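Novice:
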Amino acid sequence: MQAFNDIADFSKDEISALIELATRLDRSPEPEALKGKVLSLLFLSPSLRTLASFQAAMTRLGGGSFVISPDMSIHGLESRPGIVMDGIAAEHIREAVPVIASYGDAIGIRAFAERKNLQHDLDEVEFSSLTELIDTPYINMESAMGHPCQNLADWKTMNDLGIPSNDGKFVLSWAFHPRALPLAVPASTLQMAAQRGMDITVLRPHGFELPEPIMHKARDAAAAAGGSIRESIDRREAMQDAHVIYAKSWSSTAHYGDKIADQELRNELDDWCVDDSWFDNARKDCRFMHCLPVRRGVVVADSVLDGPRSVVIPEARNRMLAQMAVLHQMMRIQK
Amino acid sequence: MQAFNDIADFSKDEISALIELATRLDRSPEPEALKGKVLSLLFLSPSLRTLASFQAAMTRLGGGSFVISPDMSIHGLESRPGIVMDGIAAEHIREAVPVIASYGDAIGIRAFAERKNLQHDLDEVEFSSLTELIDTPYINMESAMGHPCQNLADWKTMNDLGIPSNDGKFVLSWAFHPRALPLAVPASTLQMAAQRGMDITVLRPHGFELPEPIMHKARDAAAAAGGSIRESIDRREAMQDAHVIYAKSWSSTAHYGDKIADQELRNELDDWCVDDSWFDNARKDCRFMHCLPVRRGVVVADSVLDGPRSVVIPEARNRMLAQMAVLHQMMRIQK
Amino acid sequence: MQAFNDIADFSKDEISALIELATRLDRSPEPEALKGKVLSLLFLSPSLRTLASFQAAMTRLGGGSFVISPDMSIHGLESRPGIVMDGIAAEHIREAVPVIASYGDAIGIRAFAERKNLQHDLDEVEFSSLTELIDTPYINMESAMGHPCQNLADWKTMNDLGIPSNDGKFVLSWAFHPRALPLAVPASTLQMAAQRGMDITVLRPHGFELPEPIMHKARDAAAAAGGSIRESIDRREAMQDAHVIYAKSWSSTAHYGDKIADQELRNELDDWCVDDSWFDNARKDCRFMHCLPVRRGVVVADSVLDGPRSVVIPEARNRMLAQMAVLHQMMRIQK
Numbered sequence: 001m002q003a004f005n006d007i008a009d010f011s012k013d014e015i016s017a018l019i020e021l022a023t024r025l026d027r028s029p030e031p032e033a034l035k036g037k038v039l040s041l042l043f044l045s046p047s048l049r050t051l052a053s054f055q056a057a058m059t060r061l062g063g064g065s066f067v068i069s070p071d072m073s074i075h076g077l078e079s080r081p082g083i084v085m086d087g088i089a090a091e092h093i094r095e096a097v098p099v100i101a102s103y104g105d106a107i108g109i110r111a112f113a114e115r116k117n118l119q120h121d122l123d124e125v126e127f128s129s130l131t132e133l134i135d136t137p138y139i140n141m142e143s144a145m146g147h148p149c150q151n152l153a154d155w156k157t158m159n160d161l162g163i164p165s166n167d168g169k170f171v172l173s174w175a176f177h178p179r180a181l182p183l184a185v186p187a188s189t190l191q192m193a194a195q196r197g198m199d200i201t202v203l204r205p206h207g208f209e210l211p212e213p214i215m216h217k218a219r220d221a222a223a224a225a226g227g228s229i230r231e232s233i234d235r236r237e238a239m240q241d242a243h244v245i246y247a248k249s250w251s252s253t254a255h256y257g258d259k260i261a262d263q264e265l266r267n268e269l270d271d272w273c274v275d276d277s278w279f280d281n282a283r284k285d286c287r288f289m290h291c292l293p294v295r296r297g298v299v300v301a302d303s304v305l306d307g308p309r310s311v312v313i314p315e316a317r318n319r320m321l322a323q324m325a326v327l328h329q330m331m332r333i334q335k
Numbered sequence: 001m002q003a004f005n006d007i008a009d010f011s012k013d014e015i016s017a018l019i020e021l022a023t024r025l026d027r028s029p030e031p032e033a034l035k036g037k038v039l040s041l042l043f044l045s046p047s048l049r050t051l052a053s054f055q056a057a058m059t060r061l062g063g064g065s066f067v068i069s070p071d072m073s074i075h076g077l078e079s080r081p082g083i084v085m086d087g088i089a090a091e092h093i094r095e096a097v098p099v100i101a102s103y104g105d106a107i108g109i110r111a112f113a114e115r116k117n118l119q120h121d122l123d124e125v126e127f128s129s130l131t132e133l134i135d136t137p138y139i140n141m142e143s144a145m146g147h148p149c150q151n152l153a154d155w156k157t158m159n160d161l162g163i164p165s166n167d168g169k170f171v172l173s174w175a176f177h178p179r180a181l182p183l184a185v186p187a188s189t190l191q192m193a194a195q196r197g198m199d200i201t202v203l204r205p206h207g208f209e210l211p212e213p214i215m216h217k218a219r220d221a222a223a224a225a226g227g228s229i230r231e232s233i234d235r236r237e238a239m240q241d242a243h244v245i246y247a248k249s250w251s252s253t254a255h256y257g258d259k260i261a262d263q264e265l266r267n268e269l270d271d272w273c274v275d276d277s278w279f280d281n282a283r284k285d286c287r288f289m290h291c292l293p294v295r296r297g298v299v300v301a302d303s304v305l306d307g308p309r310s311v312v313i314p315e316a317r318n319r320m321l322a323q324m325a326v327l328h329q330m331m332r333i334q335k
Numbered sequence: 001m002q003a004f005n006d007i008a009d010f011s012k013d014e015i016s017a018l019i020e021l022a023t024r025l026d027r028s029p030e031p032e033a034l035k036g037k038v039l040s041l042l043f044l045s046p047s048l049r050t051l052a053s054f055q056a057a058m059t060r061l062g063g064g065s066f067v068i069s070p071d072m073s074i075h076g077l078e079s080r081p082g083i084v085m086d087g088i089a090a091e092h093i094r095e096a097v098p099v100i101a102s103y104g105d106a107i108g109i110r111a112f113a114e115r116k117n118l119q120h121d122l123d124e125v126e127f128s129s130l131t132e133l134i135d136t137p138y139i140n141m142e143s144a145m146g147h148p149c150q151n152l153a154d155w156k157t158m159n160d161l162g163i164p165s166n167d168g169k170f171v172l173s174w175a176f177h178p179r180a181l182p183l184a185v186p187a188s189t190l191q192m193a194a195q196r197g198m199d200i201t202v203l204r205p206h207g208f209e210l211p212e213p214i215m216h217k218a219r220d221a222a223a224a225a226g227g228s229i230r231e232s233i234d235r236r237e238a239m240q241d242a243h244v245i246y247a248k249s250w251s252s253t254a255h256y257g258d259k260i261a262d263q264e265l266r267n268e269l270d271d272w273c274v275d276d277s278w279f280d281n282a283r284k285d286c287r288f289m290h291c292l293p294v295r296r297g298v299v300v301a302d303s304v305l306d307g308p309r310s311v312v313i314p315e316a317r318n319r320m321l322a323q324m325a326v327l328h329q330m331m332r333i334q335k
């Protein structure tokens with residue numbers, strides 16, 4: 001595997017193989033599989049879970065990792081092309097990224113969306129500008145529109161719980177949050193559920209529609225996999241017979257890059273907090289999923305998060321296992 | 001071993017076994033003992049020695065670790081129950097701690113005392129609120145009243161030096177420091193020396209008496225182990241025939257949580273700096289111990305710290321060895 | 001090997017053996033060579049490449065490392081002798097350095113020059129004050145005047161490219177930079193090229209002459225190795241038939257420690273940016289080397305750095321390989 005960049009790059013069979021491998025590595029550890037192998041971890045945006053789960057994953061497979069993050073004294077990395085670097089930044093990504101990559105057998109990169117221009121972010125201009133600099137196998141640890149490690153972990157989580165693929169009902173719901181957040185998780189989660197062949201409802205207020213290219217790509221995937229996608233602003237209708245609700249806040253797409261207009265719109269929407277009432281007509285065993293971190297009492301009520309519906313902790317643990325499978329395939333093949 | 005939380009949880013035989021294991025692992029390394037095993041390290045309070053010694057310990061045993069610390073861009077973790085998280089904090093400990101724990105085979109946790117309410121800290125309310133969230137084996141890397149890794153290292157250090165258990169005279173002395181510091185080290189060090197069966201003098205100014213529940217628990221342990229505990233404010237009397245002085249500053253317990261009153265009281269006490277004169281009537285080979293970090297010229301004179309009495313460097317190295325023994329027992333038993 | 005402190009401490013044969021070992025470890029990994037071994041990494045000055053390359057190097061050899069850096073909550077380490085520590089600093093290097101060293105089988109230390117007094121820095125007063133505290137084998141990760149890991153990597157890089165030792169023409173050139181930078185790289189690079197037996201031109205403006213003790217030591221090394229050293233302020237003359245130009249900015253030695261005078265002098269020199277015109281009369285395949293980080297459009301033009309002359313990325317990767325050789329020799333011999 002040369003890149004783990006977008007869940008859409010992988011067939012259902014390839015994903016099944018990765019999930020089987022993840023499950024096997026959990027049951028039968030392979031502490032020598034990646035002996036002496038190095039994963040470079042480059043965070044241009046902050047992280048807790050991703051950093052911890054990747055470092056743990058490499059250790060479990062007998063290798064190791066190092067972390068370059070914005071917390072470190074790296075004086076800010078310059079990324080603008082053709083710039084005269086007479087300001088604060090002492091290093092350009094054109095050197096930093098290839099060098100960091102050259103120390104590893106693979107590199108994980110995280111760079112959040114700029115969230116100024118939607119087309120720019122849909123085109124993954126920023127993330128591509130980094131991966132174009134390297135030949136090393138790489139893993140997308142979250143880009144403007146992608147979070148494939150989360151997607152693989154979520155797919156596995158639903159498998160673990162016996163949630164059906166075809167005929168499984170998946171609600172992807174917007175939730176309130178005081179700040180405008182990136183589209184990476186909702187966009188790539190939609191794609192994941194579509195590839196899994198589920199019947200999906202995207203539940204969101206006006207102004208928070210997912211971008212049409214994202215919807216289009218997911219609809220094609222759903223059709224090919226025997227699933228479906230529809231949109232709704234009606235909680236009750238959306239939650240009817242749902243197997244799972246996947247909650248996540250995201251930016252207003254109607255006002256993308258306009259913080260003030262986004263804020264005005266979302267300020268009215270603080271009742272979009274998932275509480276027990278949302279589950280009235282869902283399946284009795286309907287699950288609550290979230291990629292974490294999650295704001296209690298804002299995105300979801302304590303009673304839901306602390307109750308039996310919530311699978312956020314095993315979901316987060318599956319991040320590590322999913323990544324172990326990706327690392328195993330990526331670095332063993334290199335041999 | 002499911003938890004290494006309080007030195008009082010372990011019998012003298014169990015402690016001896018841990019110290020023997022620590023000594024053996026120093027002489028005969030076992031670089032495959034914890035192959036592929038992961039230690040999660042969660043610091044809610046800062047660290048240098050503890051972080052370094054745990055990371056080194058895991059490497060020496062063939063495993064690895066990852067660190068989550070307050071230095072990282074983790075936006076502050078919320079800990080209040082039932083809170084509506086519409087402020088700065090983006091994650092609650094109720095998610096963060098179980099997730100971090102789930103990536104490891106064991107977790108080390110550090111959370112200093114709040115130092116607002118003595119009973120609250122004696123009850124380990126804060127630390128318990130973290131460990132209640134997890135099933136993973138855990139290690140106390142310093143809580144409000146406990147520092148068992150330091151205690152085990154100190155016990156081993158005295159063994160290494162041939163300082164007797166019964167009939168060994170141990171002086172635990174308060175020392176000056178510009179700031180009010182936690183009780184974890186003095187409280188747990190007293191308990192350690194008591195369990196070791198030593199004759200202990202707690203030397204401290206008025207207002208700095210250790211809390212009665214701490215004294216009571218230690219007196220019981222001393223009685224059971226054939227030792228004794230007394231208190232003094234007279235250096236000369238306290239140091240008579242001492243084998244070792246263990247210096248440490250701590251908060252005024254008379255004014256616990258009241259920084260101003262504590263400051264007023266301690267400002268008069270800057271002559272509580274251990275210098276050569278303290279050793280006039282001690283045993284000729286009386287040792288100086290301190291858990292580090294230590295302020296030179298404030299807690300202890302350079303001449304003592306740089307002289308032959310000081311064992312602070314081997315004492316600090318024993319932190320790593322003691323922790324290797326704990327990790328070995330904790331993670332091997334899991335198999 | 002007890003110390004890797006100064007490239008001048010090693011004979012040409014010893015350096016050749018290290019480079020051969022580095023090349024061999026790249027081709028034939030030894031992921032068990034340093035099993036269970038620990039490298040302590042102490043950064044008193046910031047780092048990206050050095051931290052990443054050392055951590056990766058240890059992993060590739062089957063060991064591990066831990067990092068203590070100024071980014072961490074270590075409250076500043078006190079270094080003044082005899083000080084009463086009643087201020088901010090909670091720990092003195094006299095404890096911190098031996099303790100950190102005691103957790104490793106070797107320690108890497110980085111401490112940049114103070115750049116107040118030239119003789120002080122030439123005498124390596126600060127770095128020596130740290131290494132004097134320890135018995136552990138140590139590696140200089142950059143001191144006031146030394147950067148031996150960079151030197152070894154650069155030597156290997158020239159070997160890899162087939163640049164001749166004797167009769168190889170090496171131009172060490174000053175370059176513009178908005179800030180006054182340390183002398184470690186130019187001083188030790190000059191020494192490296194001299195020991196390699198090259199014909200060296202030091203190209204620099206008035207006021208930026210390298211210190212006479214540095215020049216003297218290098219001239220002796222050049223003479224012994226069959227090379228030569230001259231100085232120039234004329235680019236065209238200096239670059240005549242050059243095999244390689246090694247660009248680096250450094251402080252004015254005429255105004256060492258005087259930031260204002262240095263700034264006034266350098267402000268006139270912003271045309272010292274290596275662009276294509278510099279190579280007019282060099283060898284057609286003349287290479288561009290730099291230790292990184294490098295400021296684009298300031299030290300070097302994009303067209304040079306992005307063109308075929310630039311070898312900065314493989315040069316940086318050789319840092320890791322060179323360090324693997326040093327670590328291998330240092331820690332295997334200890335057995």
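Chains as they are written, first to last, in the working numbering: chain H, 1 to 335; chain L, 1 to 335; chain Z, 1 to 335.
Note that the Cβ used here is the ideal one computed from N, Cα and C, for glycine as well.
Quantities reported herein were computed from a predicted structural model and do not represent experimental measurements.
Measuring only the C-alpha atoms, how far is ILE109(L) from PRO70(L)?
Specialist: 12 angstroms
Novice: Around the C-beta of GLY64(H), are 16 or more other C-beta atoms found within 10 angstroms, so that it is buried, or is it exposed?
Specialist: buried
Novice: Hey, TYR138(Z) and ALA106(Z): beta-carbon distance below 8 angstroms or not?
Specialist: yes
Novice: Is the beta carbon of PHE170(L) closer than 8 angstroms to that of ALA193(L)?
Specialist: yes
Novice: On the CB-based measure, 16 or more other CB atoms within 10 Å of its CB, does SER47(Z) come out buried or exposed?
Specialist: buried
Novice: What's the call for SER40(H), buried or exposed, on a 16-neighbour Cβ count within 10 Å?
Specialist: Burial is judged here by how many other beta carbons sit within 10 angstroms of a residue's own beta carbon; SER40(H) has at least 16 and is buried.
Novice: Checking contacts by CB at 8 angstroms: is THR253(H) closer than that to chain L?
Specialist: no
Novice: Just to confirm before moving on: does the CB-CB distance between ARG49(H) and ALA316(H) stay below 8 angstroms?
Specialist: yes
Novice: Among residues of its own chain, excluding the 5 on either side of ARG332(H), which ones have a beta-carbon nearer than 7 angstroms to its beta-carbon?
Specialist: ALA33
Novice: Less than 8 angstroms between the beta carbons of ARG319(L) and SER53(L), yes or no?
Specialist: Yes; because the gap between Cβ atoms is below 8 angstroms, this pair is in contact.
Novice: Does PRO98(H) have its Cβ less than 8 angstroms from a Cβ in chain Z?
Specialist: True, the Cβ-Cβ gap to chain Z drops below 8 angstroms.
Novice: Touching or not, the stretch 244–263 of chain H and the stretch 276–294 of chain H, by the rule of three or more beta carbon pairs under 8 angstroms?
Specialist: yes
Novice: Comparing alpha-carbon positions, which option in SER228(H), GLN150(H), LEU44(H) and GLU264(H) lies nearest ASN375(H)?
Specialist: The requested residue 375(H) does not occur in the structure, where chain H is confined to residues 1 to 335.
Novice: Using 8 angstroms as the Cβ pair cut-off and three pairs as the minimum, do the stretch 131–148 of chain Z and the stretch 75–91 of chain Z touch?
Specialist: no
Novice: Does the Cβ of HIS216(H) have 16 or more other Cβ atoms within 10 Å, making it buried, or fewer, making it exposed?
Specialist: exposed
Novice: Here's the rule I'm using: 16 or more other beta-carbon atoms within 10 Å means buried, otherwise exposed. How should ASN267(H) be labelled?
Specialist: By the 16-neighbour rule on beta-carbons within 10 angstroms, ASN267(H) is exposed.
Novice: Check the DSSP bridge columns for LEU48(H) and list the partner residues they point to.
Specialist: According to DSSP, residue pairing for LEU48(H) in a beta bridge does not occur.
Novice: Could you tell me whether the Cβ atoms of PHE176(L) and VAL299(L) are closer together than 8 angstroms?
Specialist: yes
Novice: Pull the bridge partners of VAL171(H) from the DSSP assignment, please.
Specialist: THR201(H) and ILE245(H)
Novice: Going by C-alpha to C-alpha distance, which of HIS255(Z), ARG204(Z), ILE163(Z) and ALA113(Z) sits closest to SER143(Z)?
Specialist: ALA113(Z)
Novice: Determine the contact status of ASP241(H) and ALA282(H), defining contact as a CB-CB distance below 8 angstroms.
Specialist: One thing to note: ASP241(H) has its Cβ within 8 angstroms of the Cβ of ALA282(H).
Novice: Which same chain residues, not among the five before or five after MET1(L), have their C-beta less than 8 angstroms away from its C-beta?
Specialist: PRO137, VAL326, GLN329, MET330 and ILE333
Novice: Looking only at DSSP bridge pairs, what is ARG300(H) linked to?
Specialist: Residue 300(H) is actually Val in this sequence, not Arg. Paired residues: VAL274(H) and ARG296(H).
Novice: Report the residue ranges of all beta strand (DSSP E) runs contained in full by the stretch 50–102 of chain L; include only those spanning at least 3 residues, in chain order.
Specialist: Entirely contained in the stretch 50–102 of chain L, the beta strand (DSSP E) runs reaching 3 residues are, in chain order, 64–68.
Novice: Measuring only between beta-carbons, confirm whether THR23(H) sits less than 8 angstroms from chain L.
Specialist: no
Novice: Along the stretch 45–68 of chain L, where does the CB come closer than 7 angstroms to a CB of chain H? Name the residues.
Specialist: GLY63, GLY64, PHE66 and ILE68
Novice: At a CB-CB cut-off below 8 angstroms, which residues of chain L make contact with ILE313(H)?
Specialist: Within 8 angstroms Cβ-Cβ: GLU95, PRO98, VAL99 and SER102.
Novice: Identify whether MET289(H) lies in helix, strand or coil by the three-state DSSP scheme.
Specialist: strand
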